[in-house]
Amino acid sequence: MTTFRVFIATSLDGFIARPDGRLDWLPGATPDGVPAPAGEDHGFLAFMAGVEVVVMGRVTFETVRAFRPWPYAGKRLVVLSGTLTAADVPEELREGVVVHAGPVERLAAELREQGVGGVYVDGGQTVRTFLRAGLLDELTVTRVPVLLGEGLPLFGPLGRDVWLEHLGSRAFGSGLVQDSYRVRRE
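Going by this note's numbering, the sequence shown opens with residue 59, and the numbers climb by one from there.
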């Protein structure tokens, strides 16, 4: 069974990045916003153990494609974009990265037909698109104790209410608080 899941961090005021896309506010990030390889992963490695395919949009891909070490090693990565080309994908990543023009409903059907189990949906716009389409199953949102005041929001207009079942919370010594939810099917 294919499961579409989110694992994402936000500032306390709900932003996933600064207005220019920088992630320098994330704990352990270098000044250019690249997550540092060492330190507590807040459950990311355990989450990724259940992931076969990562789906993200072009903007998120352009932010993470320079990350080293590559956080998605061994996973197939699908970039949703109507404008990205193979030339935009760094050569060392081309074998594992596929560009898909969408829509997300078609991508979801293809992944189900392929028998893919865990799918990690990443990036604000992509998360909202999957929510609007009724395709997300689970969300894990980690709140970082910082107020950015402005930035790129995780959530925005969805066209309808999306009810969630709270699965649990986890507080870390670093001050981060993580909540996990299952999307309720009405």
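Each residue gets a CB set at the ideal place from its N, CA and C atoms; glycine is no exception.
Model, not experiment: these values are computed from the prediction.
| Query | Result |
| --- | --- |
| Whether residue 206 touches residue 76 by CB criterion (8 Å) | yes |
| With 16 other Cβ atoms within 10 Å as the buried cut-off, status of residue 143 | exposed |
| Cutoff 8 Å: residue 130 Cβ touching any chain D Cβ | The structure shown has no chain D; it contains just one protein chain. |
| Reference residue 104; option with closest CA among 198, 71, 190, 116 | 198 |
| Cβ neighbour criterion (16 or more within 10 Å) applied to residue 188 | buried |
| Paired residues, beta bridge with residue 67 - DSSP | 200 |
| Where the beta strand (DSSP E) containing residue 114 begins and where it ends | 111-115 |
| Nearest residue (CA-CA) to residue 183, options 163, 147, 216 | 216 |
| For residue 229, the residue or residues it bridges with in DSSP | 235 |
| Residue 123 versus residue 180: straight-line alpha-carbon distance, rounded | 13 Å |
| Check whether residue 201 and residue 70 have beta carbons under 8 Å apart | yes |
| Strand pairing of residue 134, partner residues [DSSP] | 111 |
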